[in-house]
Amino acid sequence: MIRLKSKSEVNFIRRACQINSSVHEALQKAIVPGITTRELDAIAEARMKELGGRSSFREEFNFPGAICISVNDEIGHGVPGKRILHSGDVVKVDIGVQYNGYHSDCAKTHLVAPGSPEKEHFIRATEQALYDGLNAAKPGGHLSDVSDAIGRSITSQGLTIVKKAHGHGLGTSLHEDPQVPNYGPPGRGPRLREGMVLAIEPVVVTGSERTRLRPDGWTEVTVDGSLGAHFEHTVYIHRTGVEILTAADKAPAPNSRKRLFKNFGLNWRQKREADNQGILYLAKREMDPILLEAWGRPVHPDEILTAPASSTFVLTNAEDEVKGFCVFSYRPPYLHLNTIVLDRTLHGSGIAVEVMNLIRKEAEDAFMNGIELWVQTNNQRAIRFYKKLGFAVTSQPYFRTWAMRKTL
1 MIRLKSKSEV NFIRRACQIN SSVHEALQKA IVPGITTREL DAIAEARMKE
51 LGGRSSFREE FNFPGAICIS VNDEIGHGVP GKRILHSGDV VKVDIGVQYN
101 GYHSDCAKTH LVAPGSPEKE HFIRATEQAL YDGLNAAKPG GHLSDVSDAI
151 GRSITSQGLT IVKKAHGHGL GTSLHEDPQV PNYGPPGRGP RLREGMVLAI
201 EPVVVTGSER TRLRPDGWTE VTVDGSLGAH FEHTVYIHRT GVEILTAADK
251 APAPNSRKRL FKNFGLNWRQ KREADNQGIL YLAKREMDPI LLEAWGRPVH
301 PDEILTAPAS STFVLTNAED EVKGFCVFSY RPPYLHLNTI VLDRTLHGSG
351 IAVEVMNLIR KEAEDAFMNG IELWVQTNNQ RAIRFYKKLG FAVTSQPYFR
401 TWAMRKTL
């Protein structure tokens, strides 16, 4: 039985979807050669918790990880573990988030750079099939209109649909009626009505649709070793159209990341264990002189590496050397910027502005009202910089220290 959702229920689902989208964005930054699927899972779960969400997969199915990460011939339900990602890997990330008893479901496929044009085309064709299906979803139309559009899109590219994989309704359970196949004739099945919330998700392979289950009891792989791709959005059918609830927020952060790489050859990514030495070196060189003068002591490693409930991002060059880092945490309604440090050779280059754009995006994704930070009063260069960005002094919480805040 299809249960229509009230507007208040849709709002809870919408919030779960916003968290889901934010987790996907955090992982997109982290999917690079050398990272393990277990590390990606940890990043995802930390992001969920920061934003008030929980793993649907773990809570509903006792899945071993917070999310599913399936690589190459794995088509779905991949268990995070020690597997290291390499250039050219096709990585499916499927995320279910529960918020206040309501669920969201969203999947994306990534090509670990650099990858072949053929793999990129395969991934984009699968994504296009999802959007072809979404474009066919019209209030008053039939559910199978969506199925037909997805199926025709995939077969036109010479690819194969995994027919046993299908979309579904969702709400207080992750999987509810109706089932949404990715193939079939149009004009069949229930009509799309206001209040329906659906997860539309084509699963596509380059070869045979036959699959088998790995010994872990979860991971499905293609029998012939062919590649798989998977895209999924949660959508809400309303009176006049369809709202993609898990759509990514089009904010300036991707442009800032691109400019950092294009103009300065620097990458912005989540911290890894191997970065700790470079972070501590920068902290000693750039932070200690300021703190010794202001507080009479150097920075302690735990203040940077193990700050509670914090996230750490690094700037790295082509040799993967740490050239800057920032540590922040969420103290609703504000993102608190614990520490931001750049190598002195980068001062005055414009990089700091791009980094602050990225931090602003993190705050917006977490639905924070603004950004706050502490700065030592002897660090006049930093104070001038923050004031130019619109930060204002709000208090003096500590000796020779100002609290500054900017409302978003």
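Take the sequence shown: its letter number 35 is residue 35 in full-length UniProt numbering, and every next letter is one higher. Yeah, the Cβ is synthetic: ideal placement off N, Cα and C, and Gly gets one too.
Range of the contiguous beta strand (DSSP E) that encloses residue i
i, result
"Ser147", "Careful: Ser147 lies outside any beta strand (DSSP E), inside the alpha helix (DSSP H) at 143-155."
"residue 417", "Residue 417 lies beyond the residue range present for the chain, which begins at 1 and ends at 408; the question has no answer from this structure."
"Tyr236", "233-237"
"Tyr398", "392-398"
"Asn267", "267-270"
"Phe367", "Where Phe367 is concerned, there is no enclosing beta strand (DSSP E), given that its DSSP letter is neither H nor E."
"Leu198", "197-200"
"Tyr334", "334-342"
"Gly324", "322-331"
"Glu273", "Taken as a continuous stretch (DSSP letters only), Glu273 belongs to no beta strand (DSSP E), as it is neither H nor E."
"Lys284", "Careful: Lys284 lies outside any beta strand (DSSP E) and carries neither H nor E."
"Val314", "310-316"
"Glu243", "242-244"
"Met404", "401-407"
Neighbour-count burial assignment, residue i, 16 or more Cβ in a 10 Å radius
i, result
"Met356", "buried"
"Ile84", "exposed"
"Lys108", "buried"
"Lys250", "At Lys250, the pLDDT of 31 sits below 50, so the modelled position is not reliable; the number obtained from the coordinates is stated separately. Lys250 is exposed by the Cβ-count criterion."
"Ser349", "exposed"
"Met368", "buried"
"Tyr99", "buried"
"residue 466", "Examination of residue 466 is not possible in this model, given that the chain is present from 1 through 408 alone."
"Phe391", "buried"
"Pro202", "buried"
"Asn135", "exposed"
"Gly133", "buried"
"Gln18", "buried"
"Asn11", "exposed"
"Pro80", "buried"
"Val353", "exposed"
"Thr394", "exposed"
"Asn263", "exposed"
"Ala113", "exposed"
"Glu220", "buried"
"Lys76", "Note on residue identity: the sequence assigns Gly, not Lys, to residue 76. Counting Cβ neighbours within 10 Å, Gly76 comes out buried, since at least 16 surround it."
"Lys5", "buried"
"Lys119", "buried"
"Lys388", "exposed"
"His86", "exposed"
"Gly187", "exposed"
"His121", "exposed"
"Ser226", "buried"
"Glu232", "buried"
6 angstroms Cβ shell around residue i - same chain, five flanking residues per side excluded
i, result
"Pro252", "Confidence at Pro252 is low in this model, with a pLDDT of 35, below 50, so the placement of that residue should be treated as unreliable; the coordinate-derived value is given next. The residues are Asn357."
"Ile290", "Gln376, Asn379"
"Trp374", "Thr401, Ala403"
"His175", "His168"
"Arg14", "Leu245"
"Thr160", "Val205, Glu209"
Residue i, enclosing alpha helix (DSSP H) - first and last residue
i, result
"Lys138", "Per DSSP, Lys138 belongs to no alpha helix (DSSP H) and is neither H nor E."
"Ser57", "Correcting the residue type first, residue 57 is Phe in the shown sequence and not Ser. Start and end: 56-61."
"Asp302", "301-305"
"Val23", "7-30"
"Glu293", "288-294"
"Ile383", "380-388"
Neighbourhood of residue i by C-beta distance below 7 angstroms, restricted to the same chain and skipping five residues each side
i, result
"Leu292", "Pro298"
"Val223", "Ser208, Arg210, Thr211, Arg212"
"Leu346", "Lys323, Gly324"
"Leu143", "Pro178, Val180, Gly189, Pro190, Leu192"
"Ala283", "Val299, Ile304, Val341"
"Leu27", "Leu40, Ile43, Ala44, Val93"
"Ser116", "Gly88"
"Ala318", "Gly265"
"Ser310", "Val327, Phe328, Ser329, Asn338"
"Asn276", "Leu305"
Contacts around residue i, its chain only, beta-carbon distance under 8 angstroms, and the 5 residues preceding and following it disregarded
i, result
"Ala366", "Ser22, Glu50, Leu51, Tyr330, Leu335"
"Glu39", "Ala30, Arg272"
"Ser56", "Gly96, Val97, Gln98, His103, Ser104, Asp105, Leu174"
"Pro185", "Ser144, Asp148"
"Lys163", "Pro181, Asn182, Tyr183, Glu209"
Near the ligand SAM: residue i beta-carbon under 7 angstroms from a heavy atom
i, result
"Glu59", "This structure lacks the ligand SAM, and indeed carries no ligand of any kind."
### Task
Take every Cβ of the segment 234-247, pair it with every Cβ of the segment 188-199, and state whether three or more of those distances are shorter than 8 angstroms.
Yes: at least three Cβ pairs fall under 8 angstroms.
### Task
Decide if the segment 17-26 is in contact with the segment 39-50; the criterion is three or more beta carbon pairs, one per stretch, under 8 angstroms apart.
yes
#### Entry: the segment 145-155 contacting the segment 97-107, beta-carbon criterion three pairs below 8 angstroms
no
### Task
Counting only runs of 3+ residues fully inside the segment 56-130, write out the beta strand (DSSP E) ranges in chain order.
68-71, 74-76, 90-99, 102-111
### Query
Which parts of the segment 164-229 are runs of the beta strand (DSSP E), unbroken and 3 residues or longer, counting only runs that do not cross its ends?
167-169, 176-180, 197-200, 203-205, 211-213, 220-222
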